Structures are given as C-alpha cells and as structure tokens.
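K.L.:
With UniProt numbering applied, the sequence shown covers 1 to 349. Glycine is no exception: its CB is placed at the ideal position from the N, C-alpha and C atoms. Quick caveat, the model's predicted, so the values are computed rather than measured.
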Amino acid sequence: MAPAALVSTYTPPPVSGPKTKKATRPTKKLPKSLIEGAKVGQKRKFDPSEHLIYQPPEKIHKMADFGLDRAGISPNAISEPFRLFTADAINQMRAEIFSEPVLKDCQYASDFCPTMVRGMGHKRAPFTYDVWKSPEVLSKISAIAGIDLIPAFDYEIANINVAIKDDEPPASQASNSSTKHPADDDAPAFAWHYDSFPFVCVTMLSDCTSMVGGETAIKLPNGTIKKVRGPAQGYAVVMQGRYLEHQALKAVGGRERITMVTPFRPKDAEVRDEILLTGTRGISNLEEMYPQYFEYRMEVLEERVRAQRKRERERGLTGRPFNVEETRRWVAEQRDFLDSILNGMVVVE
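#1: Compare the C-alpha of Val237 against each of Gly254, Thr259 and Arg255 and name the closest.
#2: Got a sec? Which residues, its chain only, sit under 6 Å from Met211 by beta carbon, not counting five neighbours each side?
#3: Would you call the stretch 321-334 in contact with the stretch 279-289, where contact means no fewer than 3 C-beta pairs closer than 8 Å?
#4: With distances taken from CA atoms, which of Pro221, Trp330, Ser16 and Ile164 is nearest Arg70?
#5: Assign Ala152 to buried or exposed, taking buried as 16 or more other Cβ atoms, counted over all protein chains shown, within 10 Å of its Cβ.
#6: Hey, Pro13 and Thr278: beta-carbon distance below 9 Å or not?
#7: By DSSP, does Glu50 sit in helix, in strand, or in coil?
#8: Could you spell out the range, first to last residue, of the alpha helix (DSSP H) harbouring Val300?
#9: Could you give the first and the last residue of the continuous beta strand (DSSP E) run that contains Thr259?
#10: Work out the CA separation of Lys32 and Gly234 for me, nearest whole Å.
#11: Quick check on Val131: does DSSP put it in helix, strand or coil?
#12: How many angstroms separate the CA atom of Ala332 from the CA atom of Leu149?
#13: What does the Cβ neighbour count give for Glu36, buried or exposed, with the cut at 16 atoms within 10 Å?
#14: Let me make sure I understand the geometry here. Which of Thr318, Pro266, Lys62 and Thr86 has the alpha-carbon closest to that of Glu299?
#15: Can you check which of these residues, Val202, Gly146 and Ile147, is closest to Glu156 by C-alpha distance?
#16: Can you grab the Cα-Cα spacing for the pair Thr179 / Ala163, in whole Å?
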C-alpha cells in the first residue's frame, strides 16, 4: 500500500479551462487511414498477464525538486517514462478509440486541443475501461505516485488527445517536414496549465521512433523551466499535475501524436480532494459527467461523515473531552467541499 498523503496548508492553484463553455465537436474529420489502420482482427478482453509489461521508472522526481515541497497530496511529482503496456494492449485501445460508436458520440474540440476523445465508457470501450480499473495497474500507478489512487470517475476513463496530419502523398509530407525549424522542438503543444485532477497517467499510443521533442516542461516557482522526457509507445508518465504548472512541448518528425490521459484521485476519502471541473466542463457531455461527479462526491462525503462519527463514538467511550475547535474545523472543511460541488456543477445555457 502506498503511503498516506501529506498534510498541508498549501492553497491549490487555479485551473484555466477551455474557452468553449459547451461541448463542441471537431470541425475536421480524422483521416480515413487512421481509422482503418486502428482496426484489429480480434477484439480481446484485458488480461494483465498478457497486456502488461511493467518496468518501474528509472527515477521519480519529487515535489521538493521543483521547489514545491509543501504542495500536493504526495511528495512525488512526476516519473520518468516507464514501460506499461504491450503492443497488443495499445492496438486494442486504439481500436476502441477510433471505432464508429466512439467517434460518433465521444469526439470533442477546444482551443486547447482540436480533437479529443473522452467519455467512452465501458459499453463503447470495455478493454480501455478494464485497464484503468485493474488492481494490477492501479497498484503500479499508486506506487509511483506515492499514494493510493483510483480513477477520478468513470467518465474520465480516459481522455485522448489526437494530433495527426492529413492523408497526403509521401512527397508532400516530405516537403512539409523539411520546412520545420529546429526551434519548433520547444514550441508548446499546449499552453501552460494546471490539471483539474490531482494525478494523471499519460500513456503514449503512437509510434515515436521518428519523433523529436514531446517533453513535458515544468515551470518552477522562480520561473525556471525543467524538462522531463516524453514517453514512447506503450510507455507512460505519472504526474501530480494539479500542483505542477506544465505544458507539453511539440514533437516533430512523426505523422501522429496520440496520448491517453487518465486522471486519478486519492482512494482515501479523508485525503484532500481538490478536483475542479473547470478544465473539463466545456469538453464533456454534462448529462453523463455531472451525475457521475455528484455520485463520487457524495460517496466521499459519506465516508468522511462515517469516519467522523466513529471517532466521536470512540471519544465518548474513552471519556475524552469534546474538542469544539477541531470539530468546527472539520465541519468547515466539509462546507468547503460542498461549495466546490456547487461551483463545479454550474448550469450551462
């Protein structure tokens, strides 16, 4: 079991969401070659013994390394890329992502990313869903994060960012790639931002053999920038992105860059939960997302109340005096938690 979260008075940073207030579909269709190429001969069920090929990361960077030792719910900030999935696992997930039912209902666009796939659910993407619900996968992600984690809620399994060039003749592709400037390697694929969720696992679904760049840049409190290498296909990175200001740098040299981002929250209901919907509300089907978000929040609140009642019963049995200040502080924390639900579940006209 991963260690418990740190106690901290650190105020979480604000999250900037996309400019789109309502779910918007992409205006540009994905290339036919991508959709056809993602098809598999046989759809498989996820089997950890066949589809996982885990190798621990060589290094896990600490929050203290970035001058943020007081921030977050774990001392661990971001891992170096580590191997996680076999080629067949990647192919099975790609087949679900680019299947007709998913592309019909689960494509979104924003100023952050022109094409995203999210909210697939178990019915449309059973393999992907089972991957991120797997105890074997969760134990590895939790060990790297330094705290026991579970998926934020089902709608967030998972968010796929798609960047791909159009179908075009090889000569035209070569001509376009020759115009790339070396400085483009440091151009951002996304603007500086904080994530809406405590931890994310970023999995690379594309072949990166010919790519250059694609690192994650992290901005320190003093303004300096540190880079962490991006993952190769089948590899992943675990990051405490809610508390790290970061951006993904552009990768050049490849035809596509498809990443799967899976958000996590602490398994322990009494650990601080600072999830916001700011970054996801405008790129989601709210009829699906809001009920799931509300249900998980009620579960957390229920567990907290149950734990507090147990502590209070034990206090009464041992004859210890009632601590008014401590109890008021606990009530205030739950009030803030309820306020965050009101702030998250806004009515979108």
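P.N.:
Per the coordinate set shown:
#1: Here residue 237 refers to the residue found at position 237 of the sequence shown. Closest option to Val237, Cα to Cα, is Thr259.
#2: Against the sequence shown, residue 211 aligns to sequence position 211. Excluding sequence neighbours, Met211 sits near Ala251, Gly253 and Gly254.
#3: no
#4: Position 70 of the sequence shown, counted from the first residue, corresponds to residue 70. When each option's Cα is compared against that of Arg70, the closest is Pro221.
#5: Here residue 152 is taken as the residue at index 152 of the sequence shown, counted from 1. The residue is buried, with at least 16 neighbouring Cβ atoms inside 10 Å.
#6: Taking the sequence shown and counting its residues from 1, one reaches residue 13 at position 13. Taking the sequence shown and counting its residues from 1, one reaches residue 278 at position 278. Not in contact: Pro13 and Thr278 (Cβ atoms no closer than 9 Å).
#7: Position 50 of the sequence shown holds residue 50. Glu50: helix per DSSP, three-state reduction.
#8: Locating residue 300 in the sequence shown gives position 300, where the first residue counts as 1. Leu286 to Thr318 is the span of the alpha helix (DSSP H), which, as asked, contains Val300.
#9: Residue numbering aside, residue 259 sits at position 259 when the sequence shown is read from its first letter. From DSSP, the beta strand (DSSP E) with Thr259 extends over Glu256 to Pro266.
#10: Your numbering for residue 234 matches position 234 in the sequence shown. Your numbering for residue 32 matches position 32 in the sequence shown. Near 23 Å, if we compare the C-alpha coordinates of Lys32 and Gly234.
#11: Here residue 131 refers to the residue found at position 131 when the sequence shown is read from its first residue. It is helical.
#12: Indexing the sequence shown from 1 puts residue 332 at position 332. Indexing the sequence shown from 1 puts residue 149 at position 149. Rounded to whole angstroms, Ala332 to Leu149 spans 25 Å at the Cα level.
#13: For the purposes of this step, residue 36 is identified with residue 36 of the sequence shown, where counting begins at 1. By the neighbour-count rule (16 or more Cβ atoms within 10 Å), Glu36 is not buried but exposed.
#14: Reading the sequence shown from its first residue, position 299 is the one you call residue 299. Checking every option, the nearest Cα to that of Glu299 belongs to Pro266.
#15: To locate residue 156, count along the sequence shown from 1; it is residue 156. The candidate whose alpha carbon is nearest that of Glu156 is Val202.
#16: Here residue 179 refers to the residue found at position 179 when the sequence shown is read from its first residue. Here residue 163 refers to the residue found at position 163 when the sequence shown is read from its first residue. Because the pLDDT of Thr179 is 46, which lies under 50, any placement of that residue in the model is unreliable, and the number read from its coordinates should be weighed accordingly. Rounded to the nearest angstrom, the two C-alpha atoms are 18 Å apart.
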